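Below you'll find the structure, written out as structure tokens, and then a few comments.
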Amino acid sequence: MSYNIAILGASGYTGAELIRLISGHSAMKIKALGGNSKAGQSLAQVFPHLRHLDLPDLVTMEEIDFSGIDLCFCALPHKTSQEVIAALPQDLKIVDLSADFRLRDPEDYAKWYGNEHAALAQQQEAVYGLTEFYREEIRRARLVAGTGCNAATGQYALRPLVSEGVIDLDDIILDLKCAVSGAGRSLKENLLHAELSEGYHAYALGGTHRHLGEFDQEFSALAGRPVKVQFTPHLIPANRGILATTYVKGDAQVIHETLENAYSGEPFIAVLPFGEPPSTRHVRGSNYCHIGVVADRLEGRAIVVAALDNLTKGSSGQALQNANLMLGIDETEALTMAPLFP
Numbered sequence: 001m002s003y004n005i006a007i008l009g010a011s012g013y014t015g016a017e018l019i020r021l022i023s024g025h026s027a028m029k030i031k032a033l034g035g036n037s038k039a040g041q042s043l044a045q046v047f048p049h050l051r052h053l054d055l056p057d058l059v060t061m062e063e064i065d066f067s068g069i070d071l072c073f074c075a076l077p078h079k080t081s082q083e084v085i086a087a088l089p090q091d092l093k094i095v096d097l098s099a100d101f102r103l104r105d106p107e108d109y110a111k112w113y114g115n116e117h118a119a120l121a122q123q124q125e126a127v128y129g130l131t132e133f134y135r136e137e138i139r140r141a142r143l144v145a146g147t148g149c150n151a152a153t154g155q156y157a158l159r160p161l162v163s164e165g166v167i168d169l170d171d172i173i174l175d176l177k178c179a180v181s182g183a184g185r186s187l188k189e190n191l192l193h194a195e196l197s198e199g200y201h202a203y204a205l206g207g208t209h210r211h212l213g214e215f216d217q218e219f220s221a222l223a224g225r226p227v228k229v230q231f232t233p234h235l236i237p238a239n240r241g242i243l244a245t246t247y248v249k250g251d252a253q254v255i256h257e258t259l260e261n262a263y264s265g266e267p268f269i270a271v272l273p274f275g276e277p278p279s280t281r282h283v284r285g286s287n288y289c290h291i292g293v294v295a296d297r298l299e300g301r302a303i304v305v306a307a308l309d310n311l312t313k314g315s316s317g318q319a320l321q322n323a324n325l326m327l328g329i330d331e332t333e334a335l336t337m338a339p340l341f342p
């Protein structure tokens, strides 16, 4: 069986990644590409690396006929996404890659994103799209909210440890490095090559990063009480990748065993041998996440490191993994490609 797919926001980085992944899918056909800023242009004009694909030109979202679409990916900016999704057919399956439906409490959304939510009915039905932990809910969902790429990386390192209670929940430090594509494709002065290359910097210090809303929501729900991590993200001069280094109190061997048990059988999560740290270069361009555990020299402390590709496992690959579940397709379809190296 073949399913017809639409992608809104197809001219951005996550849109391009979706097209790349779905082009090798045996059961999905891209029928519509929405991109208002690039409407009327061919895919070859917008993304020359995809010129070999026989796909429709980009159009405005208003030009798309959704009556023949089985599932729609929305790769739009937050605030825009909720307004667009609220107007889509109510029986249409949707995977949203924006931040608009990740937070269950409308007050939390307003706090972290600075505006009131305009699609409360859809927000209440949305399922959080961290696949490995919401798999059954995602299978039954009409609307899935993809996680933030930083939030996904940190959660892969920490969720099993929080839920099993093997670390001190009041002493979690998360130091994260993210590649520049995580900031999107829009032109920004601070992302110019001369402004960004040959160095890296911390940003959103002191607990102001929006993905903290997801950490607070998910870790607190797991623990049954408020859990707040100390989180500092850094922008690095690389195109792809996230490396999250977490510092926790607990027995390193127990932490490693807990992660191994939690991810046993998961197709895209690999827990490395004890003492081996992961690298972003070993997951680049793939839907895999590597996690390593190292004992700290300070007794009773451990370092947990997680690496993934922010555009694939952190966003578009995760979105396709969720879409496969929603459509009853093998979860790994079109996602088992090997990482790119070097």
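Residue numbering for the sequence shown follows the UniProt record's numbering, starting at 1 and increasing by one per position.
Using N, Cα and C, we set each Cβ at its ideal position, and we do this for glycine too.
Values in this document were obtained by computation on a predicted structure and should not be read as measured data.
For residue i, three-class secondary structure by DSSP
| i | result |
| --- | --- |
| ILE19 | helix |
| ASP91 | coil |
| ALA262 | helix |
| TYR128 | strand |
| ARG301 | strand |
| GLY250 | coil |
| HIS25 | coil |
| PHE341 | coil |
| ILE236 | strand |
| HIS282 | helix |
| GLN155 | helix |
Cβ-Cβ distance between residue i and residue j below 8 angstroms
| i | j | result |
| --- | --- | --- |
| GLY184 | GLY12 | yes |
| residue 367 | ASP96 | Nothing can be reported for residue 367, as the shown portion of the chain is limited to 1 through 342. |
| ALA27 | MET1 | yes |
| GLN90 | LEU130 | no |
| GLU214 | GLY314 | no |
| VAL166 | VAL254 | yes |
| GLY9 | ALA75 | yes |
| THR246 | GLU17 | no |
| LEU174 | TYR200 | no |
| ALA262 | ALA157 | no |
Residue i, buried or exposed, once every other Cβ within 10 Å from all chains shown has been counted against 16
| i | result |
| --- | --- |
| GLN321 | buried |
| PHE341 | exposed |
| ILE172 | buried |
| residue 377 | Since the first and last residues shown for the chain are 1 and 342, residue 377 lies out of range. |
| GLN123 | buried |
| SER316 | buried |
| GLN45 | exposed |
| HIS209 | buried |
Beta-bridge pairing of residue i - partner residues as DSSP gives them
| i | result |
| --- | --- |
| VAL144 | VAL95, VAL127 |
| ASP57 | Looking at the DSSP assignment, ASP57 forms no beta bridge with any residue, so it has no partner. |
| VAL271 | ILE291 |
Cβ pair count under 8 angstroms reaching 3, the segment 318-326 against the segment 288-298: no
Contact the segment 34-43 vs the segment 97-113: 3+ CB pairs below 8 angstroms: They do not touch, by the three-pair rule.
Touch test, the segment 109-125 against the segment 199-219, Cβ-Cβ under 8 angstroms, three pairs minimum: yes
Stretch pair the segment 79-89 + the segment 114-124: three plus CB contacts closer than 8 angstroms: yes
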